[in-house]
Amino acid sequence: MTLNMTRRAALTGAAALPLAAAASPLLAGGHGGKAPAPLAHSFKLGDMSVTTLLDGSAMREGPKDLFGKAASDEEFAQLSAENFVPSDSVQFYFTPTVIDTGSEIVLFDTGLGQGGIAKAMAQAGVSADAIDVVVITHMHPDHIGGMMTDGAPTFPNARYVTAAAEYNFWSKMEAGNRVGDMVAKLVTPLAEKMTFLNDGDSVVSGVTAVASHGHTPGHTCYMLESGGRQLVLTADLANHYVWSFARPDWAFSFDASPEDAAASRRRVLGMLAADKIPMIGYHMPFPAAGYVETRDDGFRYVPVSYQLMG
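Numbered by mature numbering (1 follows the signal peptide of the UniProt record, and there is no 0), the letters in the sequence shown go through residues -28 to -1, 1 to 282 in order.
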């Protein structure tokens, strides 16, 4: 890891805090008395049950500075218009995923810590006590915010898993770094129950770590495999369904190492496109599942409709 990546990781991690703070849980029943908004979406992957959980969402202005700072205003506006998205605002979604392997229930990321995940899990019929394993894809605030509730573990019966490189980086951050301080408060107290993985290691049977460093020093995707079917949880590999796919080399402002993040995007998205493997992306529009196809010098995200039903 270079010194530049170390410093940038600390700075970009802290910069992510305002985005997480601006997010608001989508409250059930918050649509003028109409039916509750769907906060959970379930499907089968072989013998696994997979459920995406909408923890919250946030609108932010100025997406060009986040996703296309190196592009001209004209190029960014044209790409946005071609894909029917505004070039002056962006909607972020925050979507943990829970799977039931038949023997263990595994949660990937814990959300913002504003109560949204509890509502989504309740809608999905999953209790916090039932979680056997909590996997942290990386330690930005919108992924670790729900680790603790009122000073106690939110998932009291769980063991915890994360990449060794990720924990080693953030746990050694000096006091005063805002993300490091969050890790010290929410993650470090659980370290005795934590397993640290490297690329290719197994979380449980059918769940394998896929190193995708760059967004953070230890950012990790996870391959799910069951009954001859595969799916990849891409976490923050790509953070917008248009800009991050069509222009995978464009730096995202919260990437610790833009070069490594772009290389990871091309490698993992290229694999998904070539092998026609579906993905779940933490910040994709809910229900956050889709496919990837190669298009020109980049990729296109294709949201699921009914392909994963049944």
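Don't be surprised by glycine CBs; every beta carbon is placed ideally from N, CA and C. If you're wondering where the values come from, they're calculated on a predicted model, not measured in any experiment.
Supposed close pair residue i, residue j - CB separation, criterion 8 Å
i, j, result
"Pro220", "Arg237", "4 Å"
"Gly186", "Asp114", "Not really, about 17 Å apart at Cβ, beyond 8 Å."
"Ser198", "His191", "Their Cβ separation, rounded to whole angstroms, is 24 Å, which puts Ser198 and His191 out of contact at 8 Å."
"Thr73", "Ser177", "7 Å"
"Thr188", "Glu138", "6 Å"
"Val133", "Val175", "5 Å"
"Phe80", "Leu205", "6 Å"
"Val78", "Val179", "7 Å"
Residue i - containing beta strand (DSSP E), residue span
i, result
"Ala12", "12 to 17"
"Gln63", "61 to 66"
"Val175", "174 to 176"
"Leu162", "Premise fails: Leu162 is in no beta strand (DSSP E) and is neither H nor E."
"Met195", "192 to 198"
Strand pairing of residue i, partner residues [DSSP]
i, result
"Thr134", "Ile108, Phe168"
"Gln279", "DSSP lists no partner for Gln279."
"Lys72", "Checking the sequence shown, residue 72 turns out to be Asp, not Lys. In DSSP, Asp72 forms a bridge with Ser21, Ile77."
"Thr121", "Ala124"
"Leu205", "Tyr194, Ile252"
"Gly270", "Arg267"
"Val179", "Val176, Leu196"
"Gly262", "Met251, Pro275"
Alpha helix (DSSP H) segment containing residue i, residue limits
i, result
"Met83", "In the sequence as presented, Met is not what sits at residue 83; that position holds Gly. Where Gly83 is concerned, there is no enclosing alpha helix (DSSP H), given that its DSSP letter is neither H nor E."
"Val98", "Taken as a continuous stretch (DSSP letters only), Val98 belongs to no alpha helix (DSSP H), as it is neither H nor E."
"Ser29", "Counting along the chain, Ser29 falls outside any alpha helix (DSSP H), though it belongs to the beta strand (DSSP E) covering 28 to 33."
"Asn240", "A small correction: the amino acid at residue 240 is Val; Asn does not occupy that position in the sequence shown. Val240 -> alpha helix (DSSP H) spans 230 to 247."
"Phe226", "No alpha helix (DSSP H) holds Phe226; DSSP gives it neither H nor E."
"residue 287", "Nothing in the structure corresponds to residue 287, since the chain is present only between -28 and 282."
"Ser216", "215 to 218"
"Glu54", "45 to 54"
With 16 other Cβ atoms within 10 Å as the buried cut-off, status of residue i
i, result
"Glu54", "exposed"
"Gly4", "For Gly4, the predicted structure reports a pLDDT of 44, less than 50, and the residue's modelled location is therefore unreliable. A value from the coordinates is still provided. Exposed, because fewer than 16 other Cβ atoms sit within 10 Å of the Cβ of Gly4."
"Gln279", "exposed"
"Phe56", "exposed"
"Ala163", "exposed"
"Met281", "exposed"
"Met251", "buried"
"Pro10", "exposed"
"Met93", "buried"
"Ser229", "buried"
"Ser29", "buried"
"Thr266", "exposed"
"Gly172", "exposed"
"Pro58", "exposed"
"Ala260", "buried"
"Ala124", "exposed"
"Asn129", "exposed"
"Asp27", "buried"
"Met31", "exposed"
"Gly152", "buried"
"Ser277", "exposed"
"Asn211", "buried"
"Gly117", "buried"
Within-8 Å CB hit, residue i to chain C
i, result
"Phe39", "Going by chain labels, chain C is absent from the structure shown, which holds only one protein chain."
(message) For the pair the segment 95 to 103 and the segment 157 to 172, tell me if three or more CB-CB distances fall below 8 Å.
(response) No, the segment 95 to 103 does not touch the segment 157 to 172.
(request) Inspect the CB distances between the segment 239 to 248 and the segment 76 to 94 and report whether three or more fall short of 8 Å. (result) Fewer than three pairs of CB atoms, one per stretch, sit closer than 8 Å, so the segment 239 to 248 makes no contact with the segment 76 to 94.
(request) Evaluate the contact criterion for the segment 30 to 40 versus the segment 271 to 278: three or more CB pairs, one atom per stretch, below 8 Å. (result) Judged by Cβ distances under 8 Å, the segment 30 to 40 makes no contact with the segment 271 to 278, as fewer than three pairs qualify.
(message) Contact between the segment 204 to 221 and the segment 164 to 172 is defined here as three or more beta-carbon pairs at a separation below 8 Å; is this criterion met?
(response) Output reads no: the segment 164 to 172 does not touch the segment 204 to 221.
(request) Pair every Cβ in the segment 251 to 263 with every Cβ in the segment 55 to 71, then say whether three or more of these pairs are closer than 8 Å. (result) The segment 251 to 263 is in contact with the segment 55 to 71.
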